[in-house]
Amino acid sequence: MMEEFEREQRRIDAVREKIRSKIGRNKDYLQSRKREIVGLRKFTWDEYAHQAPEPSQRAEFQRQENEYSRRASEQDRLAALYPSPYFARIDFREDGEAEAGPVYIGKFSFLDDESLEMLVCDWRAPVASVFYDYEYGRAAYSSPVGAVEGELTLKRQFLINNGVLSAMFDSSLEIQDEILQQILSHNVDEKMRTIVTTIQREQNRAIRDEKNGVLVISGPAGSGKTSIALHRIAYLLYHHRSGLSEDNIVIFSPNDVFNDYISDVLPSLGEKNVRQTTFEEFVGGMLPIGREGYDEFMESMIGGALTERRVAAAKHKGSREFTLEIERRLAQTDEEGPSFAQIAYRGVPVVTGEELSGLFCAQTRRLTIEERLCRVRAEFFTKLAGVKKQRIIELSAELVEKNGESYYLNKRAITCEARMFWYRDFLALEAEYNRKNMADAFRIYAQLLQGGFGVDECAEFGQSLAGGRLRFEDAAPLLYIRCLLGELRPADTIRQIVIDEAQDYTFLQYRVFASLFRRAGFTILGDAMQTLNPAVRHKDLDYIVEAFGERGAGHILLTTAYRSTKEINEYAARILGGECPVCVERHGEEPLEAAFACEQEKADFIREKLRQESAGSTTAVITKTTAEAVRLHELLGGDQTAKLIASSDGRLSRGALVLPCALAKGLEFDSVIVDASCGEFDRNLLYICCTRALHRLTVIGQGQKA
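When you line the sequence shown up against our numbering, it's residues 73 to 778, in that order.
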């Protein structure tokens with residue numbers, strides 16, 4: 073085995089030398105081309121200051137800049153490969169071939185320019201799936217020309233640090249425990265890392281799934297759901313580069329803290345500029361009114377500040393039943409239009425409700441409700457044009473009778489003044505028409521509230537409108553009504569959507585997603601046990617599959633937890649009264665429970681726990697609410713002891729942090745201290761807090777008991 077170890081080290085050295093050589097050549101090229109391109113731009117500016125270059129010249133300029141950009145991206149990939157060119161090797165003998173050929177798998181492909189040999193194969197390439205999916209023996213992978221079958225004769229993993237082969241394992245199983253254990257036992261980084269070296273079979277199936285346009289991935293805390301989604305985006309970009317770019321992708325995260333945490337994963341896989349946002353930020357301009365933010369709403373919900381009636385109403389507003397009620401109401405509007413009213417001027421009907429209804433129903437159903445109503449409105453103003461002509465004649469006569477003809481310079485002056493009087497009447501008629509005969513989302517929603525929730529809820533909605541600030545739970549229904557009316561245009565340039573922490577979105581919000589992104593594929597990931605908002609709690613994520621209706625959705629269930637030690641996983645499972653998920657056999661300290669008679673004792677205990685943590689590790693002190701986090705941070709002595717993250721635009725860092733449960737969601741830390749001593753702590757919230765810990769967990773309870 074030692075001889076084989078040395079042979080692999082020699083190959084690593086040889087591959088690194090070729091990478092180093094290519095980095096040098098690329099560096100020389102980029103430096104010289106940068107000077108040329110800058111000079112070319114200056115020449116173009118001077119030469120063509122008053123006219124555009126010829127099309128052929130523009131094309132040549134663009135070609136040169138594209139090549140420069142390509143080589144710059146290649147340089148980044150080579151720099152990433154150089155310390156550790158690859159992490160695995162498979163020997164695969166295709167049927168019909170005499171011998172097995174070695175395939176070395178790394179983060180990116182690397183081709184020898186001289187021999188044209190593929191020295192490193194990208195982990196996303198079809199043949200690389202054999203490494204993740206098969207043990208020794210018969211194996212197959214899908215290629216552009218069809219299925220390739222054969223024999224897997226070797227499956228080897230490497231640990232390479234700065235060019236030095238520190239470990240090598242041959243395995244007939246899934247990704248070798250030794251490597252997984254080493255990686256999981258390390259301290260966490262401030263940002264999420266790639267998992268290309270440890271992708272498991274069930275994770276690989278989700279990453280490479282292309283059968284489902286809507287893919288729901290559910291699994292326990294620490295099963296790698298977020299990593300899977302990001303690697304899946306990298307995989308899709310690799311395989312569909314001609315029809316998919318970073319501009320066609322949007323990632324929806326719970327908050328900006330989480331966005332910052334995952335921001336390095338795709339760039340480290342060679343994919344940059346993918347848009348990360350939150351649902352609240354994305355729909356920010358889609359309603360012409362201010363509204364309560366998600367963070368504020370959740371702080372009130374988790375802290376118990378909302379009335380029981382509002383909590384119940386919020387739950388129903390996101391439900392399947394209320395969504396169907398909205399759809400029935402809008403289907404009726406699509407069939408008949410709004411309840412059209414007659415518009416009269418000076419006692420004479422300009423148009424009757426029956427005429428308007430007939431005009432609406434005569435329009436093609438291929439148009440949206442909004443488009444059909446606009447056409448009917450245009451017909452109304454056509455009719456109004458005849459009224460205008462006659463009325464200006466009458467007004468002109470009235471003005472002459474009142475002031476005398478000598479009062480005006482000429483007939484044109486009389487007509488101008490008559491038109492001014494008519495314009496005042498016209499504005500009143502326009503306002504009356506819009507108020508009575510246009511399908512207004514706010515009016516439709518108010519009617520639905522009055523019918524389904526009662527007068528009090530409708531009155532509170534009216535008060536929020538009058539105050540210029542919607543309640544959070546009213547935003548999604550109004551957005552959906554606007555979608556169904558055709559007031560919001562679908563974002564058809566978006567082709568892939570990732571939705572993380574899926575369990576915190578309502579059925580209705582998923583209908584909004586489906587309406588706004590009609591041409592997009594979806595990767596949706598979550599865990600019903602980690603629902604933050606008790607108003608949208610479900611026993612599983614099947615409601616998401618149903619929400620996408622005829623578009624259909626596949627559902628992949630992950631079963632293994634990788635993040636926490638076995639002791640922490642078992643402790644967290646007991647919180648929910650369930651069985652411990654399958655987890656990696658990585659052991660550590662038993663979770664510690666503590667309780668204190670006063671806050672000062674609690675603060676002293678936490679400070680001592682923070683002092684015991686090793687340098688370079690991350691410890692999170694997690695509270696139920698933001699207000700509790702702020703109070704505890706002050707009690708601990710402020711920033712000298714720990715950094716406070718109290719808003720969604722906070723940034724993670726190494727060391728000690730104090731933050732509320734809502735902002736800790738989706739993150740992981742070496743050590744976690746859960747302060748559950750302030751009031752009732754929902755079991756699901758406690759479970760979320762505890763499963764953030766990789767190695768050490770402490771739970772502080774109330775009073776004298778933990």
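Virtual Cβ for every residue (Gly too), placed ideally from N, Cα, C.
- Message: If you measure between the beta carbons of Y310 and R196, is that distance less than 8 angstroms?
- Response: yes
- Message: Considering just the uninterrupted stretch of the beta strand (DSSP E) at F354, what are its terminal residues?
- Response: Premise fails: F354 lies in the alpha helix (DSSP H), 351-354, not in any beta strand (DSSP E).
- Message: Taking the straight line between their C-alpha atoms, what separation do you get for E545 and N605?
- Response: 12 angstroms
- Message: Less than 8 angstroms between the C-beta atoms of Y552 and I441, yes or no?
- Response: no
- Task: Provide the residue span of the beta strand (DSSP E) that contains G425, from first to last.
- Result: Unbroken run through G425 is the alpha helix (DSSP H), 425-434; no beta strand (DSSP E).
- Just to confirm, are P157 and F182 a CB contact at a threshold of 8 angstroms? yes
- Message: Alpha carbons only, please: which of A765, Y615, A667 is nearest the one belonging to D642?
- Response: It should be noted that the sequence gives Glu, not Asp, for residue 642. Residue A765 is the option with its Cα nearest to E642.
- Item | Pairwise C-alpha distance: R401 and C193 | 55 angstroms
- Message: Using C-beta distances below 8 angstroms, list every residue in its chain close to A278, excluding the 5 sequence neighbours before and after it, in chain order.
- Response: L287, I289, I300, R304, I628, L630
- T695, buried or exposed, once every other Cβ within 10 Å from all chains shown has been counted against 16: buried
- Endpoints, beta strand (DSSP E) assigned at F741: 741-747
- Message: Taking 8 angstroms as the threshold (C-beta atoms), are T436 and A511 in contact?
- Response: no
- Around the Cβ of M74, are there at least 16 other Cβ atoms within 10 angstroms (buried) or fewer (exposed)? exposed
- Task: Could you check if T565 is buried or exposed, using at least 16 other CB atoms within 10 Å of its CB as the buried criterion?
- Result: exposed
- Give the DSSP-derived three-state secondary structure of C446 in the structure shown. helix
- Query: What's the gap between the Cα of I334 and the Cα of Q535?
  - Reply: 40 angstroms
- Query: Rounded to a whole number of angstroms, what is the C-alpha to C-alpha distance between S145 and G342?
  - Reply: 8 angstroms
- Message: Going by DSSP in three states, C652 sits in which element: helix, strand or coil?
- Response: coil
- Query: What residue does the beta strand (DSSP E) around G593 start on, and which one ends it?
  - Reply: 593-598
- Message: For L319 and R88, I'd like the C-alpha separation in whole angstroms.
- Response: Checking the sequence shown, residue 319 turns out to be Asp, not Leu. Approximately 33 angstroms between the Cα atoms of the pair.
- Tell whether a beta-carbon distance below 8 angstroms holds between E371 and L724. no
- Message: In chain order, what are the residue ranges of uninterrupted beta strand (DSSP E) at least 3 long that sit wholly in the stretch 257-330?
- Response: 286-290, 321-324
- Query: Out of V220, I596, A699, which has the shortest C-alpha to C-alpha gap to E368?
  - Reply: A699
- Meets three-Cβ-pair contact criterion under 8 angstroms: the stretch 718-736 and the stretch 267-276: no
- Query: Can we count R515 as close to the ligand ATP, meaning its CB is less than 7 angstroms from some heavy atom?
  - Reply: For the structure depicted, the ligand ATP is absent and the ligand set is empty, with no information on it obtainable.
- Task: Could you pull out every residue in the same chain whose Cβ sits closer than 8 angstroms to the Cβ of I95, ignoring the five residues on either side in sequence?
- Result: Q147, L150, A151, Y154
- Query: I think E573 touches P174, with their Cβ atoms under 8 angstroms apart; what is that distance to the nearest whole Å?
  - Reply: No, E573 and P174 are not in contact; Cβ-Cβ is about 41 angstroms, not under 8 angstroms.
- From the DSSP output, which residues share a beta bridge with K715? L729
- Query: How would you call G365, buried or exposed, if buried means at least 16 neighbouring beta carbons within 10 angstroms?
  - Reply: exposed
- Between E171 and G222, is the Cβ-Cβ spacing less than 8 angstroms? no
- Message: Three or more C-beta pairs under 8 angstroms: does that hold for the stretch 753-767 against the stretch 643-656?
- Response: yes
- What three-state label does DSSP hand Q568 in the structure shown? strand
- Query: Would you report the Cα separation of L188 and R83, rounded to the nearest angstrom?
  - Reply: 16 angstroms
- Item | Residue closest to D336, alpha-carbon to alpha-carbon, out of L102, M373, T298 | T298
- Message: Does G540 come out as helix, strand or coil in the three-state DSSP assignment?
- Response: coil
- Query: With respect to the alpha helix (DSSP H) encompassing K389, which residues constitute its N-terminal and C-terminal limits?
  - Reply: 380-389
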